[in-house]
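First the structure, in the form of structure tokens, and then the observations on it.
Residue numbers (this note's numbering): 69 to 400.
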């Protein structure tokens, strides 16, 4: 590991100022992703700014009925929080499906959102990677692509976003609170992450020095249920081949509120807006769920090793929506 300077500022504004003054600086939360990338030589910061103690580590109820999650709240604590488990089970389920218990004890809410892809070519500094070195090429395009994107990819990058939590937050319409050099602002999670386009090195819409301070979840309809399902190569400590987060509200057999996000299929959590639009106001039936899933996935462009992801995503989506429709014990 190359030498770097470690800073531990006293408040968020001081942390933002440190990064604003140094393009080589980076924030450190729980370190479960950054430290690994530094060991691999992928991340090479000259300055590491510790922000783990500068933002909240709890869930608080907002006056309008939603909740605010502190950016430094550990994933284990967030998954176990009674409010989250009762009102937003999809989020708790997604968190528990990710990483291991030890990692969840360290990983933070903001860090989870901002973790970088686990593409094997991105993590191998001996191979070309546009995300790591813009313009060098994408080794994955003609390489091993089992875990790569089938939606929203480009010729410059076919990597997928690794977070389970971010998929659930996309389905929940979460909003990220950010403190930047130009002041605070709000960014919907669905706008936080980017598709690769011709700038795959840019994972998010954040500017250098932007610090996530909290994440807000809106209130859900009282009768809405939510669920997260993940398919992976082994039972634990594996990233999603395909995952689905869904929030569904059905009255008299008709779909009302419906939000769906897919994981393991794109460079960002993929909000399934085509499927949502088809389902909203229509019958909550298996045939309708299947038709919506098929329509959503018509844009898929699978690679040689991952064509299986298209029918897998379709089937998991239909299964999750069926579970939410039929299971009285599915939670809120």
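A virtual CB, placed ideally from N, CA and C, is assigned to each residue, including glycine. Computed from a predicted structure; not experimentally measured.
- If you compare the alpha carbons of 189, 314, 179 with that of residue 109, the shortest gap goes to 189.
- Note that the C-beta distance between residue 230 and residue 194 is not below 8 Å.
- Around the CB of residue 332, 16 or more other CB atoms lie within 10 Å, so the residue is classed as buried.
- Residue burial is scored here from C-beta neighbours: residue 127 has at least 16 other C-beta atoms within 10 angstroms and is therefore classed as buried.
- Between residue 292 and residue 317, the C-beta spacing is below 8 Å.
- In the structure shown, residue 307 adopts coil according to DSSP, grouped into three states.
- Within 10 angstroms of the beta-carbon of residue 81 lie fewer than 16 other beta-carbons, which makes it exposed.
- Taking C-alpha positions only, residue 89 is separated from residue 83 by approximately 10 Å.
- For the pair residue 294 and residue 384, the CB atoms are not nearer than the 8 Å cut-off.
- Excluding sequence positions up to five before and after residue 286, its CB lies within less than 6 Å of the CB of 134, 241, all in the same chain and listed in chain order.
- Here residue 232 is buried. Its C-beta has 16 or more other C-beta atoms within 10 Å.
- Approximately 5 Å separates the beta-carbon atoms of residue 268 and residue 199; this is inside 8 Å, confirming the contact.
- DSSP places residue 145 in the helix class (H, G or I) of the three-state scheme.
- Beta-bridge pairing by DSSP links residue 225 to 222.
- For residue 160, no beta strand (DSSP E) segment is defined; the enclosing uninterrupted segment is the alpha helix (DSSP H) at 157-164.
- Inclusion of residue 118 and residue 96 in the CB contact set at 8 Å is warranted, their separation being smaller than that value.
- Beyond the five residues adjoining it in sequence on each side, residue 140 comes within less than 6 Å, by CB distance, of 120, 123, 125, 176 in the same chain, given in chain order.
- Comparing alpha-carbon positions, the option among 147, 152, 111, 143 lying closest to residue 129 turns out to be 152.
- Following the DSSP letters along the chain, one finds residue 357 inside the alpha helix (DSSP H) bounded by residues 354-364.
- Between the C-alpha atoms of residue 296 and residue 313 there is a straight-line separation of about 4 Å.
- Ranked by Cα distance from residue 216, the options 234, 171, 334, 167 are led by 334.
- Approximately 5 Å separates the beta-carbon atoms of residue 239 and residue 327; this is inside 8 Å, confirming the contact.
- Within the same chain, Cβ atoms closer than 7 Å to the Cβ of residue 365 are found at 378, 381, 382, the five residues on either side in sequence being excluded.
- Residue range 102-108 is occupied by the alpha helix (DSSP H) that includes residue 107.
- The distance from the Cβ of residue 114 to that of residue 72 is about 6 Å, consistent with a contact at the 8 Å cut-off.
- The beta carbon of residue 167 is closer than 8 Å to those of 100, 143, 175, 305 in its chain, skipping five residues each way along the sequence.
- Pairing residue 234 with residue 340, the inter-Cα distance amounts to about 14 Å.
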